[in-house]
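Just below is one structure, and these are the notes that go with it.
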Amino acid sequence: MSELFSQQTSALPQQASTLEFQSRRSFFRTGGQLTLSAMSLAMLSGLNAKVASASDQQTIVDIRILNTAIAAEHEAVAAYQLGAESGLLSASILNVAIQFQGHHKAHIDALAKEVSSLGGEAANPLAQYQFPVEKLKSETDVLIFAASLERGAVSAYVGAIPLFEERELSKAAASILADEAMHWAVLRQALGLDPVPGAFFS
Amino acid sequence: MSSGRVVPVFTYCILCIGYSGTYANERAPKQRLDSQQATSVQAGKSQYAMCQGCHSPGYNRTGPMHCGIFGRLAGSQVGYQYSEALKLSQLRWNRQTLDRFLEAPVKAVPGTSMTFAGISDAYVRRQLIDYLASLTPDHTDCQ
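Those protein sequences? They're chains H and P, same order as listed. Reading the first sequence from the start, the letters are residues 12 to 213 in the working numbering. Reading the second sequence from the start, the letters are residues 4 to 146 in the working numbering.
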């Protein structure tokens, strides 16, 4: 996600946002040291224990949010693999599916880096995924299935973004949300549906 | 037809109409409720699209399946790896517990993997819960 952020800010002039970002990141990274210091003080004085544990707890929550997103992204990669190997997709749709699968892989890489930077361990893909294989009998079925996953992913990110303590994580997750929304629109277009059926989505 | 016979038949018909009207009036509220419930379930199914990034009715995904959720102990769906927090929550899913959880999952069960801010609109939650309640094993979405 740091890479995502770098891509987003590279077009901007040398300005406050980069400095602000570095400042926030360094604050966040040093936050662990501050926490340790606070914990040491708390152990010595018996005070401020709540302040120290609150910071740790929020980092744990951020890691949990990221790992839930990673788990969903792994599933999306597996779903597109299923679609690609189904033999049901025309060449043009297959290209789109492979492209979207690549995006989901990139999301995993970015999210996993953030988990590592927070001191956590990124969620691994499952050995096996359950998909409604018996209901996928045509290209349209595959497209409807993929569109439902992308639509749900938009909501999942909408629901996750407000929970991040670290605002830069919210920003990066919003960037992924935008990508998932574009996937959904393209898949709807391929299905002959209105690609953008509303002004708001939750 | 003599007028002596017309009067009883006429009276009988009036009574029949009156009775059927009363019967219809008694049935109307129940039919209306059934109709409202069906509408709410259908609306809940549409709302369920927002859940499908992680859930499906009939199989476990990033989140657990929902068929048969009513009455089930939280964290007990076979084949799904839950957070310790949900397994220890001792919640049993019913209208009240689902409503509280869906409003703010992370607040309701701190430590849950369902890292979703929640659904603030009580009406939308009710529609979703109506749909979830309909997901019994014989439901087409569960087959």
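Even for Gly, the Cβ is constructed at its ideal location relative to N, Cα and C. These figures come from a predicted structure and were not determined experimentally.
Interface annotation for the region 157-172 of chain H against chain P: Ser159, Leu160, Glu161, Arg162, Gly163, Ala164, Val165, Ser166, Ala167, Tyr168, Val169, Gly170, Ala171, Ile172, criterion Cβ-Cβ distance under 9 angstroms.
Neighbourhood of Ala138 (chain H) in chain P, by CB distance below 7 angstroms: empty, with the nearest CB roughly 12 angstroms away. Ala82 (chain H) sits away from Ala157 (chain H), with the two beta carbons spaced by 8 angstroms or more. Within the same chain, Ala77, Gly78, Val112 come within 7 angstroms of Ser92 (chain P) by CB-CB distance, once the 5 residues on both sides are set aside. Taking 8 angstroms as the threshold, the shortest C-beta distance from Ala52 (chain P) to chain H falls below it. Annotated three-state conformation of Leu76 (chain P) is strand, per DSSP. At least one beta carbon of chain P lies nearer than 8 angstroms to the beta carbon of Ile76 (chain H). Rounded to the nearest angstrom, the Cβ distance from Thr118 (chain P) to Thr79 (chain H) is 5 angstroms, consistent with a contact under 8 angstroms. The residue among P:Gln39, P:Gln130, P:Thr143 with its C-alpha nearest the C-alpha of Gln50 (chain P) is P:Gln130. Of all residues in the region 69-101 of chain H, only Arg75, Ile76, Thr79, Ala82, Ala83, Glu86 come within less than 7 angstroms of chain P when Cβ atoms are compared, listed by chain position. Interface criterion not met: the Cβ of Tyr126 (chain P) is under 8 angstroms from no Cβ in chain H. At a cut-off of 8 angstroms between beta carbons, Val81 (chain P) makes no contact with chain H.
Along the region 129-146 of chain P, there is no position whose C-beta sits under 8 angstroms from a C-beta of chain H.
Within the region 48-78 of chain P, contact with chain H at the beta-carbon level (separation under 7 angstroms) is assigned to Ala52, Met53, Cys54, Gln55, Gly56, Cys57, Tyr62, Asn63, Arg64, Thr65.
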